[in-house]
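Start counting the sequence shown at 357; every next residue gets the next number (my numbering). Positions of the beta carbon are idealized from the N, C-alpha and C atoms, including for glycine. Let me begin by presenting the structure, written as structure tokens, before commenting on it.
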Amino acid sequence: QPGVPPEEAGAAVAAESSTGTWTTVWTDGLTSLDRYKGRCYHIEPVAGEENQYICYVAYPLDLFEEGSVTNMFTSIVGNVFGFKALR
Numbered sequence: 357q358p359g360v361p362p363e364e365a366g367a368a369v370a371a372e373s374s375t376g377t378w379t380t381v382w383t384d385g386l387t388s389l390d391r392y393k394g395r396c397y398h399i400e401p402v403a404g405e406e407n408q409y410i411c412y413v414a415y416p417l418d419l420f421e422e423g424s425v426t427n428m429f430t431s432i433v434g435n436v437f438g439f440k441a442l443r
């Protein structure tokens, strides 16, 4: 969105598609947020496009069921494409 720094947008995408939608419950003390959160590790501008960026996000493998491409696809694409904070 206009006026949002690319670092903030990248962090928001990483959170939204990993732990950002978690609901706080009493068991939160049993789960390490740092272990499961996605991380935006690189941002680069899109050549020839003002205020457009590509954000690279890494996710812990523990977030995904082994061998399930469907799980990975819906976890990442479903959350990010439904994220209204980005255009």
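Which of helix, strand or coil DSSP assigns to residue i
{"i": "Glu406", "result": "coil"}
{"i": "Tyr415", "result": "coil"}
{"i": "Glu422", "result": "coil"}
{"i": "Pro361", "result": "coil"}
Close Cβ partners of residue i (< 6 angstroms) along its chain, the five nearest in sequence each way excluded
{"i": "Pro362", "result": "Ile399, Tyr409"}
request  = Kindly confirm or deny that the region 400–407 and the region 415–422 touch, where touching means at least three C-beta pairs closer than 8 angstroms.
outcome  = no
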